[in-house]
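As structure tokens, the structure follows; a few thoughts come after it.
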Amino acid sequence: MIRARVSLNAHSRGIQCSSLYANLLRSYQSNADAQRSYGTFSNKKKRAPSSLRGLQVALEKARATVNSHSTPIVYEDMANKTLNFALSNRDLTRDIKDSSKLRTKLRITDPSDVWEKTLTGYNVEALKNEISQCIKSASIKGKLKNSVVNVGDLVTLQAHSLELFLVASVPNTLSGRNFVFIGQTGNIVHLNKASIFTRIPNVVPSKYSKILSSFVQLEQKHMNIAPIGIVDADFSRSESSKPRQLQDKRSISNEIVPQFESAVPEVGLESYDYQLYVAASQQLINSDVQTFIVPVVARDIYSQALKSLTSEAFCKSGEINTRLEKVHRELQYDENGNLNAPRTVSIFELMHRMETESNGQLSASTSSTSTLGKSPMPTIDVDEMGFSASTYLATCFVLEKQSALWNLHQSGTGNPRQSVTILPIPQIDRSETLAQYLDTPKGMSEFANYCADLAMGKKKLSKPKHFESVVLLLREFVNGAYENNDSISILVVTLLRTIESILVTNGHKTPKSQYFAEYSKAKAYDLLKLLMETDSIVNPFRFNQSLPLPNEQTSYQADLSQKYFDYLSENHPKNENKVSENLDELDNLPLFNLDASEKIEAGIDYNVDFYESDPLEAHREDLTDIPVYCIDSADAHEIDDGISIHEEEGKYLISVHIAEPSSYIKPESIISSIGLDRGTTTYLPDKVVPMLPQIISDIAGLGIDGKETRALTVQYNLPKEFLDEFINKKLENPEYIPEDNVLNTFEQEVYNSKKVFFSKLKNFRQGFTYNRSTEVLMDKAKEEQFKTQSCEDKDFVNLLRLYQISNIATEFRKLKNGINLESQNKSLWVNESNEYFNQTVFSESEDGYEVGFENSSQKAVVNPQSAKAATQLVTECMIMANHLTSKFATENDIKILYRTISKSAVKEVANELEKLSQEYRHKRASIEDLLHIFTNLPRVQISTENEGHLLMGLDMYTNATSPLRRYIDILNQWRFQDHALQRSVPSISDASLSRISSQLNSRNTHNKEIYASSRGFWEGLILKDAMRLPGDIANEIRTFDVRLSGIPREATFAPAIVPGLPYFKIRVEVTTKLLDDIEKGIIKKDLVLDSSRLKLKTLDNIECVLEFEYV
1 MIRARVSLNA
11 HSRGIQCSSL
21 YANLLRSYQS
31 NADAQRSYGT
41 FSNKKKRAPS
51 SLRGLQVALE
61 KARATVNSHS
71 TPIVYEDMAN
81 KTLNFALSNR
91 DLTRDIKDSS
101 KLRTKLRITD
111 PSDVWEKTLT
121 GYNVEALKNE
131 ISQCIKSASI
141 KGKLKNSVVN
151 VGDLVTLQAH
161 SLELFLVASV
171 PNTLSGRNFV
181 FIGQTGNIVH
191 LNKASIFTRI
201 PNVVPSKYSK
211 ILSSFVQLEQ
221 KHMNIAPIGI
231 VDADFSRSES
241 SKPRQLQDKR
251 SISNEIVPQF
261 ESAVPEVGLE
271 SYDYQLYVAA
281 SQQLINSDVQ
291 TFIVPVVARD
301 IYSQALKSLT
311 SEAFCKSGEI
321 NTRLEKVHRE
331 LQYDENGNLN
341 APRTVSIFEL
351 MHRMETESNG
361 QLSASTSSTS
371 TLGKSPMPTI
381 DVDEMGFSAS
391 TYLATCFVLE
401 KQSALWNLHQ
411 SGTGNPRQSV
421 TILPIPQIDR
431 SETLAQYLDT
441 PKGMSEFANY
451 CADLAMGKKK
461 LSKPKHFESV
471 VLLLREFVNG
481 AYENNDSISI
491 LVVTLLRTIE
501 SILVTNGHKT
511 PKSQYFAEYS
521 KAKAYDLLKL
531 LMETDSIVNP
541 FRFNQSLPLP
551 NEQTSYQADL
561 SQKYFDYLSE
571 NHPKNENKVS
581 ENLDELDNLP
591 LFNLDASEKI
601 EAGIDYNVDF
611 YESDPLEAHR
621 EDLTDIPVYC
631 IDSADAHEID
641 DGISIHEEEG
651 KYLISVHIAE
661 PSSYIKPESI
671 ISSIGLDRGT
681 TTYLPDKVVP
691 MLPQIISDIA
701 GLGIDGKETR
711 ALTVQYNLPK
721 EFLDEFINKK
731 LENPEYIPED
741 NVLNTFEQEV
751 YNSKKVFFSK
761 LKNFRQGFTY
771 NRSTEVLMDK
781 AKEEQFKTQS
791 CEDKDFVNLL
801 RLYQISNIAT
811 EFRKLKNGIN
821 LESQNKSLWV
831 NESNEYFNQT
841 VFSESEDGYE
851 VGFENSSQKA
861 VVNPQSAKAA
871 TQLVTECMIM
881 ANHLTSKFAT
891 ENDIKILYRT
901 ISKSAVKEVA
911 NELEKLSQEY
921 RHKRASIEDL
931 LHIFTNLPRV
941 QISTENEGHL
951 LMGLDMYTNA
961 TSPLRRYIDI
971 LNQWRFQDHA
981 LQRSVPSISD
991 ASLSRISSQL
1001 NSRNTHNKEI
1011 YASSRGFWEG
1021 LILKDAMRLP
1031 GDIANEIRTF
1041 DVRLSGIPRE
1051 ATFAPAIVPG
1061 LPYFKIRVEV
1071 TTKLLDDIEK
1081 GIIKKDLVLD
1091 SSRLKLKTLD
1101 NIECVLEFEY
1111 V
């Protein structure tokens, strides 16, 4: 057909085919070849590839152009002269077919044959059967949900998609970001792990990892033939990538390696056009740019299995949709029969419920006893169960579609989806009613006009219909509750647009914002502030439903739990000797409902909360004469640890004393269940929610001198001469680093003498905050007296010895490949001030600075991490106590929960980390290295199994030193209590530990996410004010030290880091100036950008985004 169109002109006028025509024809043919062998990559809408459609359209235009010429025109094509239009139709057709066969052989058949020959010891068909079977029978367990991304995992890379990709390659260096995924049609995708939506770990066993990695092959180019592969994220080059005729054989052995890791675009698959990449490869004829392919034989090994698994998941989605709707109704009530939503539950619990429902086993809870939280008593541990991969994929897929019923959470970068928030039915009904109201022109106009009138300063306005519903909707929208709900999102954006239009019509100019998007969550927050009409600055993340905080109108259950805590604390007697008796009396009182005057139904027994007396009285060692130092901040909410050192029989006994609420609270109590539900004390810059009621901190907390206090003590001893010799050397030479044999002696002495026992304390030294303790340690005059054994200040002597022990402990962990992670973050607290600020005020404070926010009485206090000596002393003592607690428990068969972070599954990364830890034995880790470490390692997890703590450099680790603020610590105390009392039946069963660890991990994740969002919110407000106000403090704040994370390539924005702003996503717009300055060396190897050339374009404190332009 093509020949028929142009042959007349070509023969009669001798016109050569135009360059445009020939290039397009060649590209079309090459794409057609690739399509026949590699299939078509489909996007989420399943449309034909846009690049091919574009080529077809352009080709038709080129034909018309050629045919339109009436006079002879000669076109010179330097790239493609393979088509001879002087030939007859028959000969030209034969030439096209022959050249197509040749290209197919060279680019498709030959690479497959070559690759197959590399499979020494493997039969392709047998390999296909084994790997296909692994994929088809893939399953997932909750306990693997936080494993590292590894070769052989299956992932999806788009929202609302079931299309699966196989992980073929992961970074093999700490600085690496590039993950390689291969799809069903042999398509190759280079993205970072932030692009992973859903992941199924460990599908293909690790024994096949090398084979899977070999699926992606460097394409061998052939002379004057366009490659069909795609470039990698680095756009890397090599001499061996050229056609053999053009290779410089002398250069192949000295290939140039890219100097830096590229900044892999932080985008999802929606922005990754595979066909566009293939089309771009057509321009790389005879070049040294590396392109990569998946040989057809390799693709056939896994392709059909991926398609089969995707199809199976899709087929299940209809039935799962129906079941999830039923489960959602049932889960409005928790396991105790309480109406309890919103709350967060595991996806694995949902799958278990659907399975039991299909077997006719599911029934609603009929429990008549409320725990007001999560019971630590035995229930089914869903994390130990295996669920088919297709069920998991279909469940996640449907949960996204049912966005009106659930909020689906992404638990960490690259991790499988783990949990959802159950949205309450009244909220769903409210949203639907509100949508019906705002969908009408009258409703939208009524509400938008009210908002516009407020914005223009009009007073005494009557609130429109559904006012409270809109406020609640905006609170939820800002917190991302409707990210998968297009109808609600469109509704909010329409409301924002309508308000803005009314304001413009009335001549009211709205200030230009620096938000991440024109109608973003930040814009919705501005409207929320307007509607709330409050002088206080409201942190919207306190309303997040994945972490329901009390007294924020997010959860009735959270409010009721706090009401119970407050009731206990407000009514306990001042006479501490009668606490136990009166608490028992209090337990018999009824609890009042939050919103009603009637009492809660009789039959709830609160006597389960407290022990009548100390269960460990007979087991306590009397340490009441030993001086104990409770070193903490001056405004600490809970004092749950102290440190002591004393001499005994030629040895120094070093002790860490831990508050012991476990001897007051029973594990099956209501307080315990609320504590488990909260997981930890929640710290936000502007709010603290304690895990336990204030009464427990008052009774069990340490630090009140003269008050006999129960404690759990972790103790070890060091020979007097050993410690004295080290201290003398360190004081003579502060740079002295102990030799390995000294550290080995330290290890042996500590391990051989460790003890964990219950004690009672009374002698608490007063006034030793971090700052005060550091001042004591920095007293050079007393240090000189200490050297001559003439120092009479016992506090100085004790603290100095403890500080020097912390120096040994630090070096000991470095010897074990631990990395000293010194935080550069500043503390940030927001409090109510006695002063009202008409304008923003920056002022210096004792340690940092303060910010009084405009038109409010709120003040932010920002302090750097100071008091370094005391901080190190306490930190190292607590690390050692936690380490020795885990060792003692393991050796004595006490089943506890560990805190672990295992080695990377990639051997090269693990080796690099070990090498790095040795490099940093004598210097501080750089920001770049810390970023690389945290990017490539899994999260720290609470686990029933000990896997060591890689960053600490310790073979085992737990949490034990903060039982007033962490549930894992108090649980571990109960386990030691069982051991001391030799209970045949543990207070919390072994079977419950795995489920409890899952709950705590989930809660920790949500706590960190809400803290990060809240911290970014307040820091963003401070940055905004600093950008517009004069003064030294403001100037220091707005001076940014921006460092690119890697060499930017084709992305619109390159990721970057700014020290001191870890809670923001920092990006720099990729401009020609930026790329030129990198190429010219103006931007040095450390990729630090000149702050004078940076222009801040986006400052969004809701999305937590900073974007810069390099000018």
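In the UniProt record's numbering, the protein residues as written are 1 to 1111. Backbone N, C-alpha and C fix where the C-beta goes; we use that ideal spot for every residue, glycine too. This one's a predicted model, so the numbers in the text were calculated from it and none came from an experiment.
Give the DSSP-derived three-state secondary structure of Ala-524 in the structure shown. helix
Using a Cβ-Cβ cutoff of less than 8 Å, which residues in the same chain neighbour Met-444 once the five nearest sequence positions on both sides are dropped? Leu-438, Thr-494, Leu-495 and Thr-498
Candidates Ala-910, Arg-801 and Lys-915: closest to Leu-873 by CA position: Arg-801
Within 8 Å, strictly: CB atoms of Ala-407 and Ala-481: A small correction: the amino acid at residue 407 is Asn; Ala does not occupy that position in the sequence shown. Cβ atoms of Asn-407 and Ala-481: closer than 8 Å.
Answer yes if the segment 379-392 comes into contact with the segment 137-150, meaning at least three C-beta pairs across the two stretches below 8 Å, and no otherwise. yes
Residues bridged to Leu-119 (per DSSP): In DSSP, Leu-119 forms no bridge with anything.
When we look at the beta-carbon of Gln-804 and count the other beta-carbons within 10 Å, is it buried (16 or more) or exposed? buried
Given a threshold of 16 other Cβ atoms within 10 Å of its Cβ, counted over all protein chains shown, does Asp-381 qualify as buried or as exposed? buried
If the criterion is Cβ atoms closer than 8 Å, does the pair Ser-827 and Leu-799 meet it? no
Enumerate in chain order the residues of its own chain whose CB-to-CB distance from Val-862 is below 6 Å, with the five nearest sequence positions on each side excluded. Lys-826, Leu-828, Gly-848 and Tyr-849
Can you tell which of Leu-83, Arg-965, Arg-475 and Asp-113 has the C-alpha that lies nearest to the C-alpha of Ser-99? Leu-83
Mind the definition here: the segment 758-772 touches the segment 699-715 only if three or more C-beta pairs lie below 8 Å; say whether that holds. yes
Examine chain C for any beta-carbon lying closer than 8 Å to the beta-carbon of Cys-451, and answer yes or no. As a matter of chain content, chain C is missing from the structure shown, which is built from one protein chain.
Selection from Ile-901, Ser-989, Ile-968 and Asn-1004 that minimises the alpha carbon distance to Gly-953: Ile-901
Could you please give the first and the last residue of the uninterrupted alpha helix (DSSP H) stretch that includes His-883? 868-891
Option nearest Asn-892 by Cα separation, candidates Gln-158, Phe-757, Leu-950 and Cys-630: Phe-757
Residue range of the alpha helix (DSSP H) that Ser-992 falls in? 990-1028
Asn-741 by DSSP, collapsed to three states: which one? helix
Between the Cα of Pro-227 and the Cα atoms of Phe-165, Trp-115 and Arg-107, which residue gives the shortest distance? Arg-107
In angstroms, rounded to a whole number, what distance separates the CA positions of Lys-207 and Arg-299? 18 Å
Would you check if the distance between the CB atom of Val-1042 and the CB atom of Ala-1056 is smaller than 8 Å? yes
Cβ neighbours of Ala-634 in the same chain (closer than 6 Å, five flanking residues each side left out): Thr-769
Simplified DSSP state of Val-297, which is helix, strand or coil: helix
Measure how close the beta-carbons of residue 1138 and Ser-997 come, nearest whole angstrom, since I'm counting them as under 8 Å. For residue 1138 there is no data in the structure shown, the boundaries of the chain being 1 and 1111.
Can you pull the DSSP bridge partners for His-190? Val-180
Ordered along the chain, which non-local residues of its own chain (more than five positions away) have a Cβ less than 7 Å from that of Thr-366? Below a pLDDT of 50, predicted positions are generally treated as unreliable, and Thr-366, at 40, falls in that range; the measurement from the model is reported next regardless. These residues qualify, in order along the chain: Gly-337.
Under three-state DSSP, which class holds Asp-632? strand
Whole-angstrom C-beta distance between Ile-230 and Ile-182, which should lie under 8 Å: With a Cβ gap of about 11 Å, Ile-182 and Ile-230 do not count as contacting.
So, with DSSP's three-state summary, where would you put Phe-260? Note that Phe-260 scores a pLDDT of 39, beneath 50, so its modelled location is shaky; the value from the coordinates is reported in the next line. Note: Phe-260 maps to coil in three-state DSSP.
Cys-451 burial status per 10 Å Cβ neighbour count (16 or more: buried): buried
State the beta-bridge partners of Tyr-1110 as determined by DSSP. Leu-1094
If we require 4 or more residues per run, which alpha helix (DSSP H) segments fall completely within the segment 663-712? 670-678 and 694-700
Are the segment 705-722 and the segment 678-687 touching by the rule of at least three beta carbon pairs closer than 8 Å? no
Arg-237 versus Val-294: straight-line alpha-carbon distance, rounded: 19 Å
Looking at the ligand FMN, does it come within less than 7 Å of Ser-445, judged from the CB to the closest heavy atom? Inclusion of the ligand FMN in the displayed structure is not the case, the ligand content being empty and no account of it being possible.
DSSP state of His-508 mapped onto helix, strand, coil: coil
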